[in-house]
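Numbering (the working numbering), first residue to last: 1054 to 1183. These notes concern the structure reproduced below.
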Amino acid sequence: GEIFSALSGGDGRVRGSDLCAAVRPGLSPAAAAGVRQVFDSLEDPTFRTGAVEVEEVMERYRAGRHPRVFGGEMAEAEARRELAEALEGLSAVVEGDLAAYYADVVAGYGLSDAELLELLRLTWGLGNRN
């Protein structure tokens, strides 16, 4: 009823991505702060535009350090492809794009805040221990 009407824009059709975005739980404050730290590390400190080119994001992503890659559960190319598919169609990435991606990662893999923060640290080289 109402949910589909709100998401359909009046034409009676709902895109799956819109439905998923509407029901996706948000990140906890700690997880959101971790994603913000990732985004801040990607953004050019001289020109804070609020967006980073997709190519820059993909160049900086350390898929080989993903815990599932390191543990042999996933290939490095698969980890890279997951992020690339999430950013497909974008020319630039804003913090909300990364937050939506990591909300899906948390939901899909059932990660705790601590596990997500470790994933962010490893794959983006945050903190002292690179």
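The C-beta atom is built at its ideal place from N, Cα and C for all residues, glycine as well.
Under the criterion of beta carbons closer than 8 Å, alanine 1132 and valine 1105 do not qualify as touching, at roughly 19 Å. Between the alpha carbons of serine 1081 and aspartate 1166 lies a distance of about 8 Å. With the rule of 3 Cβ pairs closer than 8 Å, the segment 1109-1122 counts as touching the segment 1171-1182. Contact between tyrosine 1155 and valine 1107 is absent: CB atoms are separated by about 16 Å, not below the 8 Å threshold. Secondary structure remark: continuous beta strand (DSSP E) runs of at least 3 residues inside the segment 1093-1172: none found. Residues Glu1096, Val1147, Glu1148 of the same chain have their beta carbon placed closer than 8 Å to that of glycine 1103, with the five preceding and five following residues left out of the count. Between the C-alpha atoms of glutamate 1129 and arginine 1101 there is a straight-line separation of about 31 Å. Considering only Met1127, Asp1157, Glu1126, the residue with the shortest C-alpha distance to alanine 1139 is Asp1157.
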